[in-house]
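As structure tokens, the structure follows; a few thoughts come after it.
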Amino acid sequence: MLTMALLPSPLHFSTSYLSTSTVVALCVFFSLLCVCIIIGHLLEENRWANESIVALLLGLCAGTVVLMVTKFNSTKILIFSEDLFFLYLLPPIIFNAGFQVKKKQFFKNFTTILLFGVIGTVISFCLISVGALLLIQRIGISNLGIKDYLAIGAILSATDSVCTLQVLNQDETPFLYSIVFGEGVVNDATSIVLFNSVQSLDFSSIDTITALKLLGTFLYLFCTSTALGILVGLLSAYIIKTLYLGRHSTDREVALMMLMAYLSYIIAELLSLSGILTIFFCGIVMSHYTWHNVTGSSRTTTRHSFATISFICETFIFISVGMDALDIDQWKKSKASAGTSVAVSSTLFALVLIGRAAFVFPIANITNCIKRRESSKIEFRSQFIIWWAGLMRGAVTIALSYNQFAQARRSSTQDSSLMITSTIIVVLFSTVVFGSITKPLIEAVQPRHLKPSIFDSTDIPEDLRLQLLENNVPIIQRRSRLSLLMSYPTTTVHYFWRKFDDKVMRPVFGGRGFVPSVPASSSAESEEIS
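Below, the structure written as structure tokens:
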């Protein structure tokens, strides 16, 4: 929820449902949103700035003004709440990301995305946790337990997928976008799953059984969250295809899609699963089935509505993070010298650099050794961009930090407050510095394009042959389907999935090519014409 600070104001009016401070705070904040949109439009062609950085800097400026107006007695207009973030702001962003993502490119690189997003995040989690345990204690932080250090590993392993959406373009750099963005979403989900797993286990006695329980909890949450998202997405497609809601009102179609998408996230949180994974895959399934079952006006409405809500939430997050960075009470509670704060922040950021490099380059080179096609291999320049873009930390990191060290807001626990302020410094530095340089670096990367190979095998179905040809797969001898599956798993699985999708899934759940037999209402038709 939003916690409004009392600001001096010349306005005096009496209402039973709105206070002066609430109205003033909302006016200021929505004015910042409008200013951020205008500045972002003016800087659209700028290589060194994006709306995430603009919103963050606007939040810092607004926070500074509030401190000066209140003579350093008031902290901010609003407090960045982890409940506000996880329940209201994050779901629309992740859902729209899954809804708008180019599925062919995403699933084409799905194996690499999972390696980076799951295995890589676990490696980063282990290195950051161990590094924090060994280094932070030497700085003088002694009141943190083993669960706190493991939580730090999960917190700092979460990348900023929101900022990544703004520095990458899936039309200009489809391969990098699918890898970096896909890994970012899976990474956030994995980090939150690891964080929840750490919170649910007893680390009073660490042994092999505890490690296996952590792994089992992680796999359970990951698989069940994904399955729940797919199930809700299919359910929405079946309901809309069967009932033809558009014959009476397109509003019902749009409302049902929005509500069921959000319902999938809430159910996941209710069952202590990963809401991010659930709503992301729900978005993918809805875009593949549900979206094609609605009327034409509903398709246009949903696409623009989801994108607009997601954009507002993204801007809201960065403005609030920038303002929350100047939480004067939080800085006072830490009671740490400038040298200690810099030392802790530098240590955490160095661990982020090392933890990410420890899995990006090894995993990329291992996949390069396995892949036979030169066009599918990840060049070193692309590896560097993947490493660089993933260094940005954002609202997920801050929200998890507040969740772990929440007692710092209610007490004078110095070490907990210091960890929160240090995390904020890491987020600000990584977003502003790395976010501003990422776009120019991406423009310098020119992916290679190889000419497609010539086929001369005759035992492959023609449609599979054409699909392999599109993906530059060289087939120069007779190959069995099992051999193709072992050699080119992604392309071959996609081929058989399309067969299954056309014969089984689409007749039941609809999808591309399905046209509702009942036309939309006359009012909806008139709106389309106008």
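For the sequence shown, the working numbering begins at 5 and goes up steadily by one. Glycine included, each C-beta is placed from N, C-alpha and C at the ideal position.
Note down the Cα distance separating residue i from residue j, rounded to an integer number of angstroms.
i: Gly-343; j: Val-437; result: 21 Å
i: Lys-112; j: Phe-179; result: 9 Å
i: Ser-537; j: Phe-363; result: In the structure as shown, the chain begins at 5 and stops at 534. Residue 537 is therefore absent and cannot be evaluated.
i: Ile-288; j: Gly-102; result: 5 Å
i: Ile-271; j: Thr-163; result: 24 Å
i: Gly-300; j: His-252; result: 14 Å
i: Lys-507; j: Cys-286; result: 22 Å
i: Ser-309; j: Gly-188; result: 23 Å
i: Met-264; j: Leu-235; result: 11 Å
i: Asn-369; j: Ile-382; result: 8 Å
i: Arg-502; j: Val-39; result: 46 Å
i: Ile-98; j: Thr-177; result: 20 Å
i: Thr-74; j: Ala-311; result: 37 Å
i: Phe-353; j: Leu-223; result: 28 Å
i: Asn-200; j: Ile-41; result: 35 Å
i: Leu-281; j: His-292; result: 17 Å
i: Arg-510; j: Lys-108; result: 17 Å
i: Ser-345; j: Ser-56; result: 25 Å
i: Ile-243; j: Asn-407; result: 37 Å
i: Asp-460; j: Ser-380; result: Reliability fails at Asp-460, whose pLDDT of 38 lies under 50, so the model's placement of it is uncertain and the value that follows must be treated cautiously. When rounded, the distance between both Cα atoms is 21 Å.
i: Asn-54; j: Ile-43; result: 9 Å
i: Asp-331; j: Leu-219; result: 37 Å
i: Ser-314; j: Val-105; result: 14 Å
i: Arg-142; j: Ala-215; result: 26 Å
Tell me, to the nearest whole angstrom, how far the beta carbon of residue i is from that of residue j; I am working on the premise that it is less than 8 Å.
i: Ser-268; j: Leu-232; result: 6 Å
i: Trp-391; j: Ala-361; result: 6 Å
i: Leu-46; j: Gly-326; result: Not a contact, Cβ separation roughly 19 Å.
i: Thr-221; j: Ser-204; result: 7 Å
i: Thr-435; j: Gly-394; result: About 13 Å; that fails the 8 Å criterion.
i: Ser-182; j: Phe-110; result: 5 Å
i: Ser-161; j: Gly-439; result: Ser-161 to Gly-439, Cβ: 18 Å. No contact.
i: Met-262; j: Met-290; result: Contact doesn't hold; Cβ gap of about 10 Å is too wide.
i: Leu-88; j: Thr-319; result: About 14 Å separates the two Cβ atoms, so there is no contact after all.
i: Val-202; j: Ala-155; result: 5 Å
i: Lys-217; j: Phe-513; result: About 37 Å separates the two Cβ atoms, so there is no contact after all.
i: Leu-137; j: Tyr-153; result: 5 Å
i: Ser-349; j: Ser-420; result: Wrong, their Cβ atoms sit about 15 Å apart, outside the cutoff.
i: Leu-62; j: Ile-323; result: 6 Å
i: Ala-241; j: Thr-294; result: 4 Å
i: Leu-422; j: Ile-145; result: 7 Å
Of all the options the options, which has the alpha carbon lying nearest to the alpha carbon of residue i?
i: Gly-279; options: Leu-93, Asp-175, Met-72 and His-296; result: Leu-93
i: Ile-283; options: Ser-350, Val-190 and Arg-385; result: Val-190
i: Leu-277; options: Ser-240, Asn-54, Ala-193 and Thr-435; result: Ala-193
i: Ala-158; options: Phe-513, Leu-355, His-498 and Arg-502; result: Leu-355
i: Tyr-248; options: Ser-195, Asn-297, Ser-405 and Thr-214; result: Asn-297
i: Val-126; options: Leu-198, Val-73, Leu-139 and Gly-135; result: Leu-198
i: Arg-385; options: Thr-425, Thr-351 and Thr-442; result: Thr-442
i: Phe-185; options: Ile-244, Asn-100, Ser-23 and Leu-225; result: Asn-100
i: Ile-402; options: Glu-86, Gly-144, Thr-74 and Ile-41; result: Glu-86
i: Ile-429; options: Pro-444, Trp-295 and Ser-405; result: Ser-405
i: Tyr-266; options: Leu-91, Glu-447 and Val-70; result: Leu-91
i: Pro-96; options: Asp-328, Phe-504, Cys-317 and Val-512; result: Cys-317
i: Thr-116; options: Ala-53, Pro-366 and Pro-444; result: Pro-366
i: Gly-124; options: Thr-371, Thr-425 and Ile-313; result: Thr-371
i: Arg-51; options: Leu-445, Phe-388 and Gly-514; result: Leu-445
i: Ser-195; options: Val-58, Leu-71, Ser-133 and Thr-214; result: Ser-133
i: Leu-432; options: Glu-447, Gln-408, Asn-407 and Val-400; result: Val-400
i: Glu-273; options: Trp-295, Thr-228 and Leu-71; result: Thr-228
i: Phe-1; options: Val-28, Leu-118, Ser-23 and Thr-24; result: The chain is shown only over 5 to 534; residue 1 falls outside these bounds and no answer can be derived.
i: Leu-131; options: Ile-43, Leu-330 and Thr-351; result: Thr-351
i: Leu-357; options: Leu-148, Ile-143 and Gly-135; result: Gly-135
i: Glu-447; options: Leu-275, Ser-23 and Glu-49; result: Glu-49
When DSSP labels each residue in this structure, what does residue i get in the three-state scheme?
i: Arg-51; result: coil
i: His-252; result: coil
i: Leu-357; result: helix
i: Ile-382; result: coil
i: Met-327; result: helix
i: Ala-259; result: helix
i: Phe-500; result: helix
i: Ala-162; result: coil
i: Met-423; result: helix
i: Glu-187; result: helix
i: Ser-345; result: helix
i: Lys-151; result: helix
i: Gly-515; result: coil
i: Met-72; result: helix
i: Met-509; result: helix
i: Val-298; result: coil
Query - At least three beta-carbon pairs within less than 8 Å, the region 28-40 to the region 61-68 - result: The region 28-40 is in contact with the region 61-68.
Query raised in the report: So, do the region 243-262 and the region 299-316 have three or more beta carbon pairs nearer to each other than 8 Å?
Result: Judged by Cβ distances under 8 Å, the region 243-262 makes contact with the region 299-316, as three or more pairs qualify.
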